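For the sequence shown, the working numbering assigns the number 1060 to the initial residue and increments by one for each residue that follows.
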Amino acid sequence: MENLVVMKFGGSCLKDEKSFSQIQYIVKKYREASKVIIVASALNGITDKLIDFYKKSCKEEPKCDYIIDDIFNIHKNVINQILINEESEFKKTFEFLKKEIIELKQIGSVIKLIRPSMEIQDIIISYGEKLSTFILSQYLKSKNFKVEYISSDEILLTDDNFGRALPLLEETEIKVTDRIIPLLQSE
1060 MENLVVMKFG
1070 GSCLKDEKSF
1080 SQIQYIVKKY
1090 REASKVIIVA
1100 SALNGITDKL
1110 IDFYKKSCKE
1120 EPKCDYIIDD
1130 IFNIHKNVIN
1140 QILINEESEF
1150 KKTFEFLKKE
1160 IIELKQIGSV
1170 IKLIRPSMEI
1180 QDIIISYGEK
1190 LSTFILSQYL
1200 KSKNFKVEYI
1210 SSDEILLTDD
1220 NFGRALPLLE
1230 ETEIKVTDRI
1240 IPLLQSE
């Protein structure tokens, strides 16, 4: 296999058209000599908003959906900036965003019915990375990159130490071998 480069882009790198264009430039340069895997953090400030949503949902605060509405609007603004002229990717990304936001609101509404836990908090926090990674994948597709979106929960298994979980290396290696290696070997 060719050289492999794993790139991680933090939330401050995922904020507007200029920053996404910079990511495109960096990825393009590395793809000239290597296979590239991209990992994205949540958009800047989103993880804090998701933690706040979890905490307020646990306290049964009425109408804490405004936090999720804010998260929706932040992502919608990024999508509007980077994909407005790309009808297919725009539509797909916006539908994904709406679906994930509905799921988050549903989780928030049942937290008070079940026992709040670090596991549920981790699930809620994971939505930040899911959203940003999907948005980035669709942006790169719109720029004619061959990209496959893979959510971390498809390949990464962890222990039950929620809030500070560690990967289960053997199980994760099997999933990576089954899901990612074939993609790296294609082309």
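Note that beta-carbon positions come from the ideal geometry of N, C-alpha and C, so glycine has one too.
Remember, it's a predicted structure, so these values are computed and weren't measured experimentally.
- When DSSP states are grouped into helix, strand and coil, residue 1226 belongs to the strand group.
- When rounded, the separation of the alpha-carbon atoms in residue 1202 and residue 1168 is 38 Å.
- By the neighbour-count criterion, in which 16 or more other beta carbons inside 10 Å mark a residue as buried, residue 1191 falls on the buried side.
- Assignment of beta-bridge partners to residue 1062 by DSSP yields 1093.
- A residue is called buried when at least 16 other Cβ atoms come within 10 angstroms of its Cβ; residue 1098 does not meet this threshold and is exposed.
- Straight-line measurement puts the Cα of residue 1122 at about 43 Å from the Cα of residue 1242.
- For the segment 1070-1138, the full-length beta strand (DSSP E) segments reaching 3 residues or more read 1093-1099 along the chain.
- The alpha carbon of residue 1126 has as its nearest neighbour, out of 1183, 1085 and 1213, the alpha carbon of 1183.
- Per DSSP, the unbroken alpha helix (DSSP H) holding residue 1189 starts and ends at 1177-1201.
- 1078 is the residue among 1143, 1177, 1078 and 1176 whose C-alpha sits nearest the C-alpha of residue 1102.
- DSSP lists 1098 as the beta-bridge partner residues of residue 1067.
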